[in-house]
Amino acid sequence: MNCATLVKGYTPKHYYFSSNEMDTSFYVDGEKVSETILEVPIPEVPNKTIKIRVEKSGFKPEEVELRYQFNTNVHLNGFLLIFYPVGVLVDYYNDAFYHYSAEKDHFILQKNSNFTENDMNKSYISYEERRGKLKDADGYLSTNRSTKIFSIARFEKGEYIELTNLNDSSPDNASEIFSVASYEKMRSAEFDKRIGFLKPGKYRIKTFFSYSTIVGRQIITYESKVNETVDIEIFPSALSILCTDIDLKDGKTLVQRIQSKVNPDLNQFSNPMLENSGNRFCPPINPIVLKVE
1 MNCATLVKGY TPKHYYFSSN EMDTSFYVDG EKVSETILEV PIPEVPNKTI
51 KIRVEKSGFK PEEVELRYQF NTNVHLNGFL LIFYPVGVLV DYYNDAFYHY
101 SAEKDHFILQ KNSNFTENDM NKSYISYEER RGKLKDADGY LSTNRSTKIF
151 SIARFEKGEY IELTNLNDSS PDNASEIFSV ASYEKMRSAE FDKRIGFLKP
201 GKYRIKTFFS YSTIVGRQII TYESKVNETV DIEIFPSALS ILCTDIDLKD
251 GKTLVQRIQS KVNPDLNQFS NPMLENSGNR FCPPINPIVL KVE
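FYI, the numbering for the sequence shown is 1 to 293, going by our numbering.
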């Protein structure tokens, strides 16, 4: 049996695009449809080309085409396995020779102070109008992979109230989070570091830096000696990201916050894209931390 053969019947529903800059505008066939993250429905018909353009004032625009083209993964049948004819035949009947793909799906934008996004574009104006109507929608908090949160409290009635369970980001328990009220670092390992959707408002978060990497056969963990308490505000339908690094001199946790504008499409983005947004937008971790003598 050919293990390189593509799975029969598997058809992704969306194609995902992102960039290294928050609030990047994504245009599909000339119309602005999203910011920061773009999820394009895969066309049901072949031979359709979709033009994707990425714009942000102060940066060089980029374009790419999402089109129906030869699936290069089919080559695995020839290079890796001895059952090449069988695999190719199966792929042929599965209609796996061609699929929708783009040259790249993550854009590293280059600075260009001469470029300004056209704010008179009709779709740009329409998007801004949608943005202005969002007042009470939940915001989203994400982190990079090195951030460990072990305490979170919401400001209510003049004081910060600790959130003590997995479904308690507001008095009515309306939003889901993944954290606990615990001051013990070791307990943070029991929960996902990514918080998720939170009610708009002020929060106090206690966090620390912890990063593990595999060196040879060993798992090496680098961890800060000093925690950090951060006061942040979650805005309606906006993406907030906490990034942590470590001060190598004194072992303190360094925290940086990245904030998006209100995004009309935030609650429509897929969970994996939102969860990984911290890893996409946070600066790289200090490489010295990952060096083993």
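Glycine is no exception: its CB is placed at the ideal position from the N, C-alpha and C atoms.
Note to self: When you compare the CB positions of N20 and L109, do they come within less than 8 angstroms of one another, or not?
What the structure shows: Working through the sequence shown from its first residue, we reach residue 20 at position 20. Working through the sequence shown from its first residue, we reach residue 109 at position 109. Yes, the pair counts as a contact, with Cβ atoms nearer than the cut-off.
Next item on the list: Determine, using beta-carbon pairs with one atom in the segment 152 to 162 and one in the segment 255 to 268, whether at least three such pairs fall under 8 angstroms.
Entry: no
Margin query: Give the list of continuous beta strand (DSSP E) stretches no shorter than 3 residues that lie fully inside the segment 219 to 287.
Written below: 228 to 234, 238 to 246, 253 to 262
Check: Just curious, the beta strand (DSSP E) that K154 is in, first and last residue?
Finding: One-based indexing of the sequence shown puts residue 154 at position 154. Before going on, a small fix: residue 154 reads as Arg here, not Lys. That run of the beta strand (DSSP E) goes 147 to 156.
Checklist line | Rounded straight-line distance, which links the Cα of L141 to that of G201 | finding: The residue given as residue 201 occupies position 201 in the sequence shown. The residue given as residue 141 occupies position 141 in the sequence shown. Spanning the two alpha carbons is a distance of roughly 12 angstroms.
Margin query: Using the three-state DSSP reduction, which class does R131 fall into: helix, strand or coil?
Written below: Numbered from its first residue, the sequence shown carries residue 131 at position 131. Helix at R131.
Notebook entry, point to check: Quick one: Cα of Y160 to Cα of Q69, how far?
Noted result: The residue labelled residue 160 in the question sits at position 160 within the sequence shown. The residue labelled residue 69 in the question sits at position 69 within the sequence shown. If you take the alpha carbons of Y160 and Q69, they lie about 55 angstroms apart.
Checklist line | Exposure label - K199; buried when at least 16 CB within 10 Å | finding: Start at 1 with the first residue of the sequence shown, and residue 199 comes out as number 199. Flag for K199 reads buried.
Check: Going by Cα to Cα distance, which pick from S123, F150, F269 is closest to I205?
Finding: Here residue 205 is taken as the residue at index 205 of the sequence shown, counted from 1. Answer by Cα proximity: F150.
Margin query: At the level of alpha carbons, what is the spacing between F197 and A137?
Written below: As a first step, residue 197 is located in the sequence shown; it is residue number 197 there, counting from the start. As a first step, residue 137 is located in the sequence shown; it is residue number 137 there, counting from the start. So the alpha carbons of these two residues sit roughly 10 angstroms apart.
Note to self: Using only CA atoms, which one of L254, I258, Y15, T24 lies nearest to T116?
What the structure shows: On the sequence shown, residue 116 is found 116 positions in, with the first residue counted as 1. Looking at the Cα atoms, T24 is the closest of the given residues.
Notebook entry, point to check: Quick one, are the C-beta atoms of I258 and M22 less than 8 angstroms apart?
Noted result: For the purposes of this step, residue 258 is identified with residue 258 of the sequence shown, where counting begins at 1. For the purposes of this step, residue 22 is identified with residue 22 of the sequence shown, where counting begins at 1. Going by C-beta atoms, I258 is nearer than 8 angstroms to M22.
Notebook entry, point to check: In terms of residues, what are the limits of the beta strand (DSSP E) holding K56?
Noted result: As a working mapping, residue 56 is identified with position 56 in the sequence shown. Where K56 is concerned, there is no enclosing beta strand (DSSP E), given that its DSSP letter is neither H nor E.
Item checked: Rounded straight-line distance, which links the Cα of L239 to that of Q256 -> As a working note, residue 256 is residue 256 in the sequence shown. As a working note, residue 239 is residue 239 in the sequence shown. Rounded to the nearest angstrom, the two C-alpha atoms are 14 angstroms apart.
Note to self: Here's the rule: buried if 16 or more other CB atoms are within 10 angstroms of the residue's CB, otherwise exposed. What is G139?
What the structure shows: Here residue 139 refers to the residue found at position 139 when the sequence shown is read from its first residue. That one is buried.
Margin query: Can you list, in chain order, the residues of its chain with a C-beta nearer than 7 angstroms to that of F59? Leave out the 5 residues immediately preceding and following it.
Written below: Mapped onto the sequence shown, residue 59 falls at position 59. Closer than 7 angstroms at the Cβ level, and outside the excluded window around F59, lie E21, L109, Q110, K111, N112, F115.
Margin query: Considering only their Cβ atoms, is the gap separating Y203 from I241 smaller than 8 angstroms?
Written below: For the purposes of this step, residue 241 is taken as residue 241 along the sequence shown, with counting starting at 1. For the purposes of this step, residue 203 is taken as residue 203 along the sequence shown, with counting starting at 1. It is not a contact, given that the beta carbons lie outside the stated cut-off.
Next item on the list: Identify, in the order they occur along the chain, each residue of the same chain with its Cβ nearer than 6 angstroms to the Cβ of S188, setting aside the five sequence neighbours on each side.
Entry: Taking the sequence shown and counting its residues from 1, one reaches residue 188 at position 188. For S188, the predicted structure reports a pLDDT of 48, less than 50, and the residue's modelled location is therefore unreliable. The matter cannot be settled from this model.
Margin query: Nearest by alpha-carbon distance to Y15: which of L134, I50, D247, T253 is it?
Written below: Along the sequence shown, one-based indexing puts residue 15 at 15. Nearest of L134, I50, D247, T253 to Y15, Cα basis: I50.
Item checked: Rounded distance between the beta-carbons of N144 and G278, thought under 8 angstroms -> Here residue 278 refers to the residue found at position 278 when the sequence shown is read from its first residue. Here residue 144 refers to the residue found at position 144 when the sequence shown is read from its first residue. With a Cβ gap of about 4 angstroms, G278 and N144 count as contacting.
Check: Under a three-way DSSP split, which group does I125 fall into?
Finding: Against the sequence shown, residue 125 aligns to sequence position 125. Helix, per DSSP.
Notebook entry, point to check: Just how far apart, CA to CA, sit F209 and E223?
Noted result: Position 209 of the sequence shown, counting from 1, holds the residue named residue 209. Position 223 of the sequence shown, counting from 1, holds the residue named residue 223. Straight-line Cα distance between these residues: approximately 6 angstroms.
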